[in-house]
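Colleague: The structure under discussion is supplied below as structure tokens; questions concerning it will follow.
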Amino acid sequence: MKVAKRTFDAVIVGAGGAGLRAALQLSEAGLKTAVLTKVFPTRSHTVAAQGGVAASLGNSTEDNWHWHMYDTVKGSDWLGDQDAIEFMVKKANEVVVELEHYGMPFDRTDNGKIYQRPFGGHSQNYGQTPVSRSCAAADRTGHAMLHALYQRNVRANTQFFVEWMAMDLIRNADGDVLGVTAMEMETGEVSIFHAKATIFATGGAGRIYYSSTNAFINTGDGVGMAARAGIPLEDMEFWQFHPTGVAGAGVLITEGVRGEGGILRNAAGERFMERYAPNLKDLASRDIVSRSMVTEINEGRGCGTEKDHVLLDITHLSPETIMKRLPGIREIAIQFAGVDPIKAPIPVVPTCHYQMGGIPTNYKGQVIVPKDGNPNVPVAGFYAAGECACASVHGANRLGTNSLLDLLVFGKSAGETVVADFQSGQLTLKPLPDDAADVSLARIARLETQTNGVEVNDVRLDMQRVMQKHAGVFRFADMLKEGVTKILEVAERAKHTQIKDKSKVWNTARTEALELDNLIEVAKATMISAEARKESRGAHVRDDAIDCAETPNGRDDKNWLKHTLWYSEGNRLDYKPVNLQPMSADVEPIALAKRTY
Amino acid sequence: MSSKRTVNFKIYRYDPDKDDKPYMQDISVELEESDKKLLDALVRLKAKDDSLSFRRSCREGVCGSDAMNINGKNGLACLTSMDEIAQPVTIRPLPGLPVIRDVIVDMTQFFKQYHSIKPYLVNNDPAPERERLQSPEDREELNGLYECILCACCSTSCPSFWWNPDKFVGPAGLLAAYRFLADTRDQATSERLDNLEDPYRLFRCHSIMNCVDVCPKGLNPTKAIGKIKDMMVRRAV
């Protein structure tokens with residue numbers, strides 16, 4: 001079968017915050033760039049971010065990047081790489097101010113500066129008191145950001161391929177990345193996008209869990225493509241459960257609600273976070289708040305007839321504050337929880353929200369893999385940024401507002417690296433192998449001809465239930481072991497998915513089947529990496545990790561202060577050291593300590 | 598209310614690969630108690646018949662993917678409650694745009710009009726080191742404008758847009774135009790007004806206000822259009 005081929009300097013997969021930020025860099029430098037996206041850019045999931053983007057602007061309270069760095073390293077439970085973290089927090093002011101210049105409608109302080117609010121885990125003076133670091137546009141920061149970035153790309157004449165789904169990564173015999181195959185959803189035709197540089201900005205895979213704040217489209221496409229092409233995935237056992245998803249619906253309620261003064265209460269009306277985090281209380285980091293909530297529920301202090309949730313209370317805030325700072329939350333609570341938060345508290349439960357792990361990269365956005373004894377060798381022509389990548393700045397637990405910062409800083413950084421590599425002549429168009437599209441065509445052909453197969457829906461639901469039950473907020477040694485067996489069974493069945501819809505035109509059944517292939521890679525990586533990590537760290541907490549002086553909170557630095565690398569082939573695990581050394585001499589390494597809030 | 602209930606649908610179906618022409622399909626589906634919104638019901642229907650095609654993503658009313666015509670009125674499936682909906686639930690594609698398949702429409706013309714108003718901030722002063730200042734009151738002017746999710750419910754409910762989709766910018770595009778006209782940081786006011794000074798682009802709006810009626814975000818394009826018309830008049834005198 002003949003496959004159409006298009007040639008570009010660079011191809012970017014994904015048009016959320018990271019992809020659009022990278023695209024801007026490339027378009028403005030004059031590179032011939034294709035941005036592939038399976039949804040119109042402003043429909044990408046960055047649009048759903050609510051509470052803000054972190055930057056130590058210090059507009060309301062004194063702040064500096066040193067404090068932000070400390071909070072991020074501590075939040076990561078020391079699994080974050082300190083060079084990448086230093087890079088990110090130092091760049092924060094620059095990338096946020098740029099956005100303002102692009103037209104982003106930030107809220108304002110009385111003196112006209114960008115409005116900032118407190119957020120979980122962000123503090124003044126190395127953990128002492130909450131700091132206002134989250135730059136916000138009401139509770140629609142992601143929407144305002146994504147639209148501003150898209151608009152700036154319209155100005156820069158970026159070339160988009162809208163509703164094109166990337167299918168597989170193309171590599172040559174040396175392992176260099178040469179582009180991707182992609183399917184135009186309107187026609188079902190597969191094309192090759194041949195490029196000197198390929199940037200993945202495909203977001204996370206929160207849909208591996210049954211209960212998720214994530215959009216339908218968050219199926220880990222880039223992560224799955226990378227894994228199938230032999231790239232290892234880093235730290236996939238670490239998933240963030242956001243404390244406040246609407247009970248039953250999963251829809252996100254921003255931490256900004258607590259930043260504005262919201263309080264979590266149990267069935268007795270008690271502000272229980274005072275017991276778990278005496279200092280930052282409701283604004284402790286997300287892993288801690290989520291575990292505290294589940295503990296309350298497990299110990300019988302949950303709310304409602306099933307005692308299966310807790311309440312997020314803002315009834316003590318003035319209606320004016322709620323209407324001005326949290327208007328979107330009020331809409332969501334009325335729509336999805338059936339309560340007006342001005343009058344009644346919102347029922348919430350911890351809900352899968354964010355993938356801390358991903359495709360391993362350095363702070364320049366280059367994808368790095370182990371080779372000849374060096375754990376961090378760049379893959380020629382391959383870059384990644386945003387939630388699909390693992391830089392690693394979030395380590396074992398991400399702080400709220402650091403995700404929007406991550407996609408701005410590393411989207412830009414990946415773009416700058418590609419532009420620099422392009423201008424220095426380092427990037428060349430390498431010849432395509434003859435079989436460049438074969439894998440993708442075979443996947444399509446299998447779906448055409450599969451008989452006696454299994455329904456995509458059934459397999460996906462089984463995967464989501466296994467993940468939810470076996471790799472949730474609290475993890476248990478025996479459940480993880482059983483989880484590995486079960487997820488491998490599900491993965492086996494996923495090879496035989498069958499669809500009834502055979503149309504070439506806008507075949508969403510086929511799209512969902514292809515997405516499931518990506519989800520399955522992520523689910524396997526998560527379960528297998530989690531089963532193997534015999535300690536508690538950040539969002540990964542197991543029952544058999546002992547809290548004692550040597551392993552505080554069950555964290556075993558002697559044996560487990562290292563990044564996991566999972567390879568799809570043979571489900572092989574490898575590990576590499578965490579970089580505890582900052583990038584510059586401006587700051588001392590943040591020394592290991594027990595995490596309390 | 599019992600935990601399970603059956604809901605009847607009439608859905609516009611068209612697959613150019615196999616259908617000569619569109620038809621309305623009668624189909625019913627049993628909903629689970631957790632199926633609260635129309636989108637939940639459509640996902641349930643799709644599990645029964647995987648050929649049913651529609652766009653969806655965030656399922657919380659912020660991405661703008663799942664706009665469709667629901668019982669004769671444009672809206673988002675994810676924000677439409679199944680509790681009070683009249684049966685059979687009649688689902689059609691957004692009116693006035695070419696249908697690609699089922700309720701998936703070709704939105705090229707809609708985005709072309711959005712792009713035509715130069716939807717980006719223009720400020721040619723050298724970028725300062727820090728943020729440009731804007732008072733809270735000036736920022737307030739953008740409320741009700743910047744929240745648009747480009748779902749196209751408004752423009753595809755507008756008779757003027759149906760008649761002249763190539764010439765009339767339509768409510769979504771004009772709301773975006775005023776979003777930049779109202780921004781104290783933007784310097785392209787006169788170019789923006791020039792760009793709309795034409796018998797069609799702006800002035801085809803006859804204040805029918807269908808756009809206001811259907812906007813799932815509660816925005817008011819008609820009011821914004823009125824403000825642009827005011828600006829036109831003020832600069833003429």
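Top line first, the protein sequences correspond to chains A and B.
Counting along the first sequence from 1, when you hit position 557 you're at 557 in my numbering, and nothing is skipped either side.
One rule links them: number in my numbering = place in the second sequence (from 1) + 597.
Each residue gets a CB set at the ideal place from its N, CA and C atoms; glycine is no exception.
Owing to the predicted nature of the structure, the values given are computational and were not obtained by experimental measurement.
Does the distance between the C-beta of Cys548 (chain A) and the nearest non-hydrogen atom of the ligand NAD fall short of 7 angstroms?
Modeller: The model depicted lacks the ligand NAD and carries no ligand whatsoever.
Colleague: From what residue to what residue does the beta strand (DSSP E) around Gln784 (chain B) run?
Modeller: Translated into positions along the second sequence, residue 784 (chain B) becomes position 187. Unbroken run through Gln784 (chain B): none, as it is neither H nor E.
Colleague: Using alpha carbons as the reference points, say which of A:Arg171, A:Val339 and A:Glu163 lies closest to Glu184 (chain A).
Modeller: Within the first sequence, the letter at position 184 stands for residue 184 (chain A). It is A:Glu163.
Colleague: Just verifying my parser: in three-state terms, what is the DSSP assignment at Cys675 (chain B)?
Modeller: Against the second sequence, residue 675 (chain B) aligns to sequence position 78. Of the three classes helix, strand and coil, the one that applies to Cys675 (chain B) here is helix, per DSSP.
Colleague: Would you say Ala332 (chain A) lies against chain B (beta-carbon separation less than 8 angstroms)?
Modeller: Along the first sequence, one-based indexing puts residue 332 (chain A) at 332. Here the sequence assigns Ile to residue 332 (chain A), which means Ala is not the residue at that position. Answer yes: the Cβ-Cβ gap between Ile332 (chain A) and chain B drops below 8 angstroms somewhere.
Colleague: Within the same chain, show all residues whose beta-carbon is closer than 8 angstroms to that of Tyr115 (chain A), passing over the 5 residues directly before and after it, in chain order.
Modeller: As a first step, residue 115 (chain A) must be located in the first sequence, where it is residue number 115. Cβ neighbours of Tyr115 (chain A) beyond the five flanking positions: Asn59, Ser60, Phe106, Asp107, Arg108, Thr109, Cys135 and Ala136.
Colleague: Going by Cα to Cα distance, which pick from A:Gln468, A:Gly300, A:Val439 and A:Met145 is closest to Ala166 (chain A)?
Modeller: Against the first sequence, residue 166 (chain A) aligns to sequence position 166. Looking at the Cα atoms, A:Val439 is the closest of the given residues.
Colleague: Say whether the stretch 356-364 of chain A touches the stretch 384-404 of chain A, bearing in mind that this needs 3 or more beta-carbon pairs closer than 8 angstroms, one atom from each stretch.
Modeller: The stretch 356-364 of chain A vs the stretch 384-404 of chain A: in contact.
Colleague: Using beta-carbon positions only, say whether Phe603 (chain A) and Val246 (chain A) come within less than 8 angstroms of one another.
Modeller: The question about residue 603 (chain A) has no answer, for chain A in this structure spans 1 to 597.
Colleague: By the 7 angstroms beta-carbon criterion, what residues does the stretch 450-467 of chain A contribute toward chain B?
Modeller: Cβ contacts with chain B come from Asn457.
Colleague: Would Asp810 (chain B) count as contacting chain A if we go by Cβ distances under 8 angstroms?
Modeller: Here residue 810 (chain B) refers to the residue found at position 213 of the second sequence. False, the Cβ-Cβ gap to chain A never drops below 8 angstroms.
Colleague: Give a yes or no on whether the C-beta atoms belonging to Gly658 (chain B) and Leu676 (chain B) are separated by under 8 angstroms.
Modeller: Position 61 of the second sequence, counted from the start, is the residue given in the question as residue 658 (chain B). Position 79 of the second sequence, counted from the start, is the residue given in the question as residue 676 (chain B). Contact: yes.
Colleague: Only counting the same chain, and skipping five residues up and downstream in sequence, which positions put a Cβ closer than 6 angstroms to that of Ile590 (chain A)?
Modeller: Position 590 of the first sequence holds residue 590 (chain A). Hits under 6 angstroms: Tyr70 and Val73.
Colleague: With Phe193 (chain A) and Ala182 (chain A) assumed to form a contact (beta carbons below 8 angstroms), what rounded beta-carbon distance in angstroms separates them?
Modeller: On the first sequence, position 193 is the one that residue 193 (chain A) refers to. On the first sequence, position 182 is the one that residue 182 (chain A) refers to. That pair is a contact at about 6 angstroms.
Colleague: Against Gly767 (chain B), what residues of chain A qualify as contacts under a CB-to-CB distance less than 9 angstroms, listed in chain order?
Modeller: Indexing the second sequence from 1 puts residue 767 (chain B) at position 170. Those do not exist, as Gly767 (chain B) stays about 16 angstroms from chain A at its closest Cβ, beyond 9 angstroms.
Colleague: Name the residue from A:Trp78, A:Phe8 and A:Ala333 whose alpha carbon lies nearest to the alpha carbon of Leu399 (chain A).
Modeller: One-based indexing of the first sequence puts residue 399 (chain A) at position 399. The shortest Cα separation from Leu399 (chain A) among A:Trp78, A:Phe8 and A:Ala333 belongs to A:Trp78.
Colleague: Compute the Euclidean distance between the alpha carbons of His68 (chain A) and Ala284 (chain A), then round it to the nearest angstrom.
Modeller: Mapped onto the first sequence, residue 68 (chain A) falls at position 68. Mapped onto the first sequence, residue 284 (chain A) falls at position 284. One C-alpha to the other measures close to 15 angstroms.
Colleague: Counting only beta-carbon separations shorter than 8 angstroms, does Gln151 (chain A) have a partner in chain B?
Modeller: Mapped onto the first sequence, residue 151 (chain A) falls at position 151. Yes, because at least one Cβ of chain B sits closer than 8 angstroms to the Cβ of Gln151 (chain A).
Colleague: In whole angstroms, what separates the C-alpha of Glu448 (chain A) from that of Lys502 (chain A)?
Modeller: Walking along the first sequence from the start, residue 448 (chain A) turns up at place 448. Walking along the first sequence from the start, residue 502 (chain A) turns up at place 502. Answer to the nearest angstrom: the Cα atoms are 7 angstroms apart.
Colleague: For Val409 (chain A), which residues in the same chain have their Cβ closer than 6 angstroms to its Cβ, ignoring the five residues on either side in sequence?
Modeller: Position 409 of the first sequence, counting from 1, holds the residue named residue 409 (chain A). Hits under 6 angstroms: Met88, Lys91 and Val95.
Colleague: Name, please, each residue of chain B whose Cβ falls closer than 9 angstroms to the Cβ of Asp63 (chain A).
Modeller: The residue you call residue 63 (chain A) lines up with position 63 of the first sequence. Going along chain B, no residue has its Cβ under 9 angstroms from Asp63 (chain A), so there is no contact; the nearest lies around 14 angstroms.
Colleague: Could you check the C-alpha separation between Glu100 (chain A) and Ala638 (chain B) for me, to the nearest Å?
Modeller: The residue labelled residue 100 (chain A) in the question sits at position 100 within the first sequence. The residue labelled residue 638 (chain B) in the question sits at position 41 within the second sequence. Their Cα atoms are separated by approximately 40 angstroms.
Colleague: Between the beta-carbon of Val257 (chain A) and the beta-carbon of Leu312 (chain A), is there less than 8 angstroms?
Modeller: Position 257 of the first sequence, counted from the first residue, corresponds to residue 257 (chain A). Position 312 of the first sequence, counted from the first residue, corresponds to residue 312 (chain A). Yes, the Cβ-Cβ distance between Val257 (chain A) and Leu312 (chain A) is below 8 angstroms.
Colleague: Excluding the five sequence neighbours on either side, which residues of its own chain have a C-beta within less than 7 angstroms of the C-beta of Met704 (chain B), listed in chain order?
Modeller: For this step, residue 704 (chain B) is matched to residue 107 along the second sequence. Closer than 7 angstroms at the Cβ level, and outside the excluded window around Met704 (chain B), lie Leu694 and Ala749.
Colleague: Applying a beta-carbon distance threshold of less than 9 angstroms, which residues of chain B neighbour Tyr102 (chain A)?
Modeller: Here residue 102 (chain A) refers to the residue found at position 102 when the first sequence is read from its first residue. Simply Tyr717 and Leu718.
Colleague: Spell out whether any CB of chain B is found under 8 angstroms from the CB atom of Gly248 (chain A).
Modeller: Position 248 of the first sequence holds residue 248 (chain A). Gly248 (chain A) counts as touching chain B.
Colleague: Applying the 10 Å Cβ sphere with the 16-neighbour rule, what's the burial state of Asp699 (chain B)?
Modeller: Reading the second sequence from its first residue, position 102 is the one you call residue 699 (chain B). Classification of Asp699 (chain B): buried, given that the 10 Å Cβ count is 16 or more.
Colleague: Figure out for me which residue from A:Leu57, A:Gln124 and A:Leu573 has the closest Cα to the Cα of Lys562 (chain A).
Modeller: Taking the first residue of the first sequence as position 1, residue 562 (chain A) is located at position 562. When only C-alpha atoms are compared, the closest one is A:Leu573.
Colleague: Just confirm the distance between the C-beta atoms of Thr497 (chain A) and Ala513 (chain A), as a whole number of angstroms; I'd bet it's less than 8 angstroms.
Modeller: As a working mapping, residue 497 (chain A) is identified with position 497 in the first sequence. As a working mapping, residue 513 (chain A) is identified with position 513 in the first sequence. Correct: roughly 5 angstroms between the Cβ atoms.
Colleague: Suppose you measure from the CA of Glu531 (chain A) to the CA of Gly103 (chain A); what does that come to, to the nearest Å?
Modeller: Counted from its first residue, the first sequence places residue 531 (chain A) at position 531. Counted from its first residue, the first sequence places residue 103 (chain A) at position 103. Cα to Cα, the separation comes out at about 46 angstroms.
Colleague: Whether or not the stretch 729-745 of chain B and the stretch 803-821 of chain B are in contact is what I'm after, with contact meaning three or more pairs of Cβ atoms, one per stretch, closer than 8 angstroms; do they touch?
Modeller: Counting Cβ pairs under 8 angstroms, three or more are found: they touch.
Colleague: Pro733 (chain B) lies in the alpha helix (DSSP H); which residues open and close that run?
Modeller: Here residue 733 (chain B) refers to the residue found at position 136 of the second sequence. From DSSP, the alpha helix (DSSP H) with Pro733 (chain B) extends over Pro733 to Glu737.
Colleague: Looking at C-alpha atoms only, which residue of A:Lys500, A:Leu480, A:Ala491 and A:Asn507 is the closest neighbour of Arg533 (chain A)?
Modeller: Locating residue 533 (chain A) in the first sequence gives position 533, where the first residue counts as 1. Comparing Cα-Cα distances from Arg533 (chain A) to each of A:Lys500, A:Leu480, A:Ala491 and A:Asn507, the minimum goes to A:Leu480.
Colleague: Out of A:Tyr209, A:Glu270 and A:Asn266, which has the shortest C-alpha to C-alpha gap to Ala308 (chain A)?
Modeller: Looking up residue 308 (chain A) in the first sequence gives position 308. Reading the sequence as shown, one finds Asp at residue 308 (chain A) and not Ala. Of the listed residues, the one whose Cα sits closest to Asp308 (chain A) is A:Asn266.
Colleague: Would you say Lys601 (chain B) faces chain A, with C-beta separation under 8 angstroms as the test?
Modeller: Taking the first residue of the second sequence as position 1, residue 601 (chain B) is located at position 4. No, because no Cβ of chain A sits closer than 8 angstroms to the Cβ of Lys601 (chain B).
Colleague: Measure the C-alpha to C-alpha separation of Arg133 (chain A) and Asp139 (chain A) and round it to an integer number of angstroms.
Modeller: Here residue 133 (chain A) refers to the residue found at position 133 when the first sequence is read from its first residue. Here residue 139 (chain A) refers to the residue found at position 139 when the first sequence is read from its first residue. Between Arg133 (chain A) and Asp139 (chain A), the C-alpha separation is close to 15 angstroms.
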